[in-house]
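Protein chains in written order, with the working numbering: chain A, 1 to 323; chain B, 1 to 323.
If you want it as structure tokens, here you go:
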């Protein structure tokens with residue numbers, strides 16, 4: 001008996017942000033065997049960007065034995081469209097309009113290239129290498145500058161009729177007159193409460209309303225992060241605990257509504273807010289359990305991603321390369 | 001050249017309600033070529049029910065040339081589970097607990113038998129014979145005694161991790177102190193506003209609040225139907241128009257949130273309330289357009305089922321028989 005040789009044992013993952021683009025060569029276990037970074041915003045012409053990327057990638061590709069060892073490439077990018085392989089009207093990228101990023105990399109590298117947005121890539125990453133391995137139906141919630149989501153049904157990410165399905169961060173969770181205005185032009189979106197900026201907004205409101213002492217009062221109210229709130233909670237600050245209670249309750253209730261779609265096995269949370277540990281997860285779990293429709297009770301696990309934050313983006317994107 | 005002969009050109013559809021069970025033999029175009037009805041609640045033992053059903057079906061089966069002409073059977077039943085083929089703890093059926101209805105019919109008839117709930121069957125019916133033909137991503141909303149939903153992603157009904165996904169009628173749309181109590185034990189579910197009983201409830205509240213004249217005042221307030229409200233609206237009744245405006249606005253806003261899940265090509269509405277025509281559809285469309293996230297604007301059609309109400313249940317169920 002001899003070991004089976006995998007012809008193309010690696011994929012390339014590209015985690016594209018407005019500022020930087022991180023590239024990794026990833027094996028089937030989810031180990032990043034080589035990595036490189038280029039600036040995203042330094043190339044006003046996307047062709048120059050792709051050229052720079054391929055140049056930066058070259059040594060990484062050599063390291064694993066050349067391009068013949070690469071099965072494919074996956075790109076997680078803002079407004080990345082799975083169906084077209086394009087980036088379409090991404091507000092925080094330097095390129096305007098429609099950018100055929102998938103086609104450009106395919107031509108430059110000679111390997112198949114798939115594109116999706118970061119939250120869908122994150123869902124794929126969890127399913128391929130993370131806590132959702134083996135799951136067929138789950139919902140990924142990414143808690144960052146915004147709130148993103150990737151929905152998995154029957155083992156596949158839901159892309160919908162246009163490639164842009166799964167925007168649960170823009171579910172309206174407050175229809176009252178006090179609903180917070182959202183960057184999308186509407187008001188009351190989940191994102192305005194549970195994103196990093198949402199938590200900072202809550203902190204400012206709660207600090208103003210209360211006159212309890214709090215270590216958060218020593219921080220510029222415009223710059224409070226969820227890490228600051230976590231540190232305060234750990235020091236016993238009541239306001240900090242209330243902030244997480246408020247945020248987690250909104251998120252838990254929202255998830256109970258989302259469960260009606262695909263009766264998920266799990267919700268997987270990723271991003272800065274999850275670092276608050278039990279301070280945020282306990283209120284999420286309580287609100288979810290209180291609110292979930294009877295027939296789904298006890299069905300979904302509420303999990304936190306175990307992928308390293310710095311690697312998750314590249315791993316998620318790379319998961320597309322195996323398709 | 002000679003015409004291709006289809007070996008098994010028919011399926012059986014069973015539309016099971018708490019009172020009656022309607023069976024139909026259906027061809028590939030969605031024509032019900034033979035039909036029969038038995039009582040559901042007259043058989044406390046489900047084995048007697050299946051025996052009676054097969055007996056009633058026999059002449060219909062003969063009519064199309066015998067059981068060899070039948071490709072399969074589909075059952076749309078309350079709490080019907082696609083994965084197990086069972087009816088599980090259906091509140092409004094005479095049988096308690098778990099009923100292996102699929103297996104019983106398979107054994108009795110000798111053809112494959114699939115089971116799902118009525119709203120999922122309705123979605124399949126629209127996709128196979130109705131307004132959703134050719135669509136890969138849409139959401140079916142059934143407006144009856146309750147509000148049901150069937151979600152289609154990539155050409156397949158979403159059954160989720162347990163076979164019971166797609167309960168959008170229980171999305172909580174009102175979290176205020178005035179939220180209406182729901183049969184599910186919670187409060188503020190869409191169903192409490194947009195089901196037949198929800199509309200009647202709205203009518204009672206609005207008639208009490210106002211002292212405007214209305215033909216609805218001549219009807220026992222406990223018995224007002226959406227047809228009564230429609231008739232009143234047609235006669236120019238302001239309160240009736242307000243009832244549809246209120247109901248349609250809630251439904252349209254809810255649908256705008258649902259669109260975030262699968263970016264659907266269409267919502268297909270079915271049931272009594274849709275008979276109110278533009279009185280209900282205009283407010284749905286307005287609220288949906290006002291509320292929908294920018295990237296989905298103008299994408300989803302808001303359609304009313306064109307299947308005949310009396311046939312839709314059987315057709316929907318029968319669609320499962322082709323799988």
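Where a beta carbon is used, it is the ideal one built from N, C-alpha and C, also for glycine.
Ranked by Cα distance from residue 50 (chain A), the options A:33, A:11, A:100 are led by A:100.
Of all residues in the region 114-133 of chain B, none places a beta-carbon less than 7 Å from a beta-carbon of chain A. Only those residues of the region 59-89 of chain B whose C-beta falls short of 7 Å from the nearest C-beta of chain A would be listed, and there are none. With a cut-off of 8 Å on Cβ pairs, the region 315-322 of chain B is in contact with the region 112-129 of chain B, counting three or more such pairs. Between the alpha carbons of residue 277 (chain B) and residue 295 (chain B) lies a distance of about 28 Å. When C-beta atoms of the region 255-264 of chain B are compared with those of the region 193-203 of chain B, fewer than three pairs fall below 8 Å, so the two segments do not count as touching. Under the three-state reduction of DSSP output, residue 173 (chain A) falls in the coil class, being neither helix nor strand. Taking all protein chains in view, the Cβ of residue 310 (chain B) is surrounded by fewer than 16 other Cβ atoms within 10 Å, so the residue is classified as exposed. Residue 35 (chain B) carries a strand assignment under DSSP once its states are collapsed to helix, strand and coil.
Around the C-beta of residue 44 (chain B), fewer than 16 other C-beta atoms lie within 10 Å, and the residue is accordingly described as exposed. Residues of chain B with a Cβ closer than 8 Å to the Cβ of residue 294 (chain A) are, in chain order, 184, 185.
Here residue 151 (chain A) is buried: its Cβ has 16 or more other Cβ atoms, across all protein chains shown, within 10 Å. Taking all protein chains in view, the Cβ of residue 306 (chain B) is surrounded by fewer than 16 other Cβ atoms within 10 Å, so the residue is classified as exposed. Residue burial is scored here from C-beta neighbours: residue 86 (chain B) has at least 16 other C-beta atoms within 10 angstroms and is therefore classed as buried. At least 8 Å separates the CB of residue 269 (chain B) from every CB of chain A.
Close to residue 53 (chain B), with beta-carbon spacing below 8 Å, lies no residue of chain A; the smallest spacing is near 27 Å. According to the DSSP assignment, residue 266 (chain A) belongs to no alpha helix (DSSP H) but to the beta strand (DSSP E) extending over 266-270. Look at residue 24 (chain B) here: in three-state DSSP terms it is strand. Taking 8 Å as the threshold, the shortest C-beta distance from residue 161 (chain B) to chain A falls below it. Around the beta carbon of residue 6 (chain A), fewer than 16 other beta carbons sit within 10 angstroms, so the residue counts as exposed. Between residue 106 (chain A) and residue 147 (chain A), the C-beta gap is not smaller than 8 Å, which leaves the two residues out of contact. The beta-carbon of residue 166 (chain A) is placed less than 8 Å from the nearest beta-carbon of chain B. About 5 Å separates the beta carbon of residue 149 (chain B) from that of residue 119 (chain B), a gap short enough to meet the 8 Å contact definition.
DSSP places residue 151 (chain B) within a strand segment (E or B) once states are collapsed to three.
Residue 188 (chain B) has its alpha-carbon roughly 9 Å from the corresponding atom of residue 177 (chain B).
Proximity of residue 92 (chain A) to chain B, defined by a Cβ-Cβ separation below 8 Å, is not satisfied. Rounded to the nearest angstrom, the gap between the Cα atoms of residue 302 (chain A) and residue 266 (chain A) is 6 Å.
Between residue 20 (chain B) and residue 76 (chain B), the gap from beta carbon to beta carbon reaches 8 Å or more. Take the alpha-carbon of residue 237 (chain B) and the one of residue 248 (chain B): they are about 17 Å apart.
Here residue 253 (chain B) is near residue 287 (chain B), since their CB atoms are less than 8 Å apart. Taking each of A:243, A:91, A:194, A:230 in turn and checking the Cα distance to residue 208 (chain A), the smallest one comes out for A:243. In the three-state scheme derived from DSSP, where H, G and I count as helix and E and B as strand, residue 15 (chain B) is classed as strand. Membership of residue 190 (chain B) in any alpha helix (DSSP H) is not indicated, and neither H nor E is assigned to it by DSSP.
About 20 Å separates the Cβ atoms of residue 186 (chain B) and residue 205 (chain B), ruling out a contact at the 8 Å cut-off. The closest CA to that of residue 285 (chain A), considering only A:316, A:184, A:256, is found on A:256.
For residue 10 (chain B), DSSP records a beta bridge to B:27, B:70.
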